[in-house]
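Residue numbers (my numbering), protein chains in the order written: chain P, 1 to 192; chain S, 1001 to 1192.
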């Protein structure tokens, strides 16, 4: 009787630990092969055949298609530079320069990866349409209410995800530091 | 007491095994991965243009809204595939994914170096069956080996400004993906 109880206990623990770990790694992701620059993270290896099993499980679950390495690389940000989660009710400024790339796009998604509906039908900026200052730097204002300059509407969403995609770029598996890839700064400048 | 401790340790060790097995199995058992989602709306061995990415139609999560996209879902069991993609104004790329959504190859308009991206896609067995001379004489012909018999080719064209979206979609609509009708082996025999 006791043996049966102990076996059942061991099996129950095994199921909880095993599936629990799988669930967390598949939804939250792991730090395997992650490149972090400021608030931005990228997994350049996800776009190659050397993708790790955790990233494979994660994309199979979410249903997204990773960008191939010969095409580009995706940087994701969920917080600002001070590790404060991005809040759609606040004013957030993305400013500075981007790594060398033929084109880049910055897009805003909800946490499930859907675009956020707004009356302007503006879901992001491309490197060609963004308004720059004389020295080539840009400043994008992410806010719920209309702002002058490069305004990206949030529709007052509580949490959102920013994705900066670089196309035709030398940034990739070999990139290590900010020096190779100068990423734009993200700052929360004011909350109502 | 010792038995209880043993049961706990056995549970955790078994849990680790369950975790590893489930992570490796997840890509195989996932039913909502990108391939399955796209299989429902695309034709086999033909180019299907996808509707523009908008908040109301989230076919896949985290799609770049600045791009026009088209998909060729291929099955190489009927023979190698020939792909031609006219290059759009700003940026065009072609990415190859296996059945389990692993990006194994990607190329953009600049690395293709021509006004039209032309590729032959075949399995390794089909590539080996190609007569050697043909491989040499057509050095400018790009041959790509697919690790799996089925998979996805994703064609993307950048609309650098929202007004250019129609143009980008039109250039993708002119692309072509089809099973090579004339077997290359027979062609060479005729030449001899």
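Using N, Cα and C, we set each Cβ at its ideal position, and we do this for glycine too.
Chain-order list of residues whose beta-carbon lies under 6 Å from that of residue 94/P (same chain, five-residue window excluded)
Counted from its first residue, the first chain places residue 94/P at position 94. Closer than 6 Å at Cβ, skipping near neighbours: 140, 184 and 186.
Distance CB(residue 142/P)-CB(residue 173/P) smaller than 8 Å
Locating residue 142/P in the first chain gives position 142, where the first residue counts as 1. Locating residue 173/P in the first chain gives position 173, where the first residue counts as 1. Their beta carbons are not under 8 Å apart, which means residue 142/P does not touch residue 173/P by this criterion.
Go through its chain and collect everything with a Cβ distance to residue 1053/S's Cβ below 6 Å, but skip five positions before and after it.
Stepping through the second chain from its first residue, residue 1053/S is reached at position 53. Around residue 1053/S: 1063 and 1065.
So, using beta-carbon positions, are residue 107/P and residue 123/P closer together than 8 Å?
Here residue 107/P is taken as the residue at index 107 of the first chain, counted from 1. Here residue 123/P is taken as the residue at index 123 of the first chain, counted from 1. Their beta carbons are under 8 Å apart, which means residue 107/P touches residue 123/P by this criterion.
How do the segment 1105-1117 of chain S and the segment 1014-1034 of chain S stand: do at least 3 beta-carbon pairs fall below 8 Å, yes or no?
no
Along the chain, where does the alpha helix (DSSP H) containing residue 1165/S start, and where does it finish?
Sequence index remark: in the second chain, residue 1165/S carries index 165 (1-based). That run of the alpha helix (DSSP H) goes 1165-1173.
Assign residue 1029/S to one of three DSSP states: helix, strand, or coil.
As a working mapping, residue 1029/S is identified with position 29 in the second chain. Residue state, collapsed to three classes: helix.
Taking the alpha carbon of residue 1058/S as the reference point, which residue from 190/P, 166/P and 114/P has its own alpha carbon closest?
Walking along the second chain from the start, residue 1058/S turns up at place 58. Nearest of 190/P, 166/P and 114/P to residue 1058/S, Cα basis: 114/P.
Proximity of residue 1107/S and residue 1094/S at Cβ, strictly below 8 Å
As a working mapping, residue 1107/S is identified with position 107 in the second chain. As a working mapping, residue 1094/S is identified with position 94 in the second chain. Their beta carbons are under 8 Å apart, which means residue 1107/S touches residue 1094/S by this criterion.
Let me check one thing: in DSSP terms, what residues is residue 1108/S bridge-paired to?
The count along the second chain starts at 1 and reaches residue 1108/S at position 108. 1093/S.
Measure the beta-carbon distance from residue 1144/S to residue 1120/S and round it to whole angstroms, keeping in mind my assumption that it falls under 8 Å.
Along the second chain, read from residue 1 onward, the residue named residue 1144/S stands at position 144. Along the second chain, read from residue 1 onward, the residue named residue 1120/S stands at position 120. Confirmed, Cβ separation roughly 7 Å.
Quick one: does residue 229/P have its CB under 8 Å from some CB of chain S?
Beyond the ends of chain P as shown, which are 1 and 192, falls residue 229/P; an answer cannot be given.
For the putative contact between residue 88/P and residue 157/P, defined by C-beta atoms under 8 Å, what is the C-beta separation to the nearest angstrom?
In the first chain, counting from the first residue as 1, residue 88/P sits at position 88. In the first chain, counting from the first residue as 1, residue 157/P sits at position 157. Sure, about 4 Å apart at Cβ, within 8 Å.
Within 10 angstroms of the Cβ of residue 51/P, are there 16 or more other Cβ atoms? Answer buried if so, exposed if not.
Indexing the first chain from 1 puts residue 51/P at position 51. Taking all protein chains shown into account, residue 51/P has 16 or more neighbouring C-beta atoms within 10 Å of its C-beta and is therefore buried.
Taking the straight line between their C-alpha atoms, what separation do you get for residue 1014/S and residue 112/P?
What you label residue 1014/S is simply residue 14 of the second chain in a count that begins at 1. What you label residue 112/P is simply residue 112 of the first chain in a count that begins at 1. Note on geometry: alpha-carbon atoms of residue 1014/S and residue 112/P lie some 32 Å from one another.
Counted within 10 angstroms of its Cβ, other Cβ atoms place residue 12/P as buried (16 or more) or exposed
Looking up residue 12/P in the first chain gives position 12. The residue in question, residue 12/P, is exposed, as its Cβ has fewer than 16 Cβ neighbours within 10 Å.
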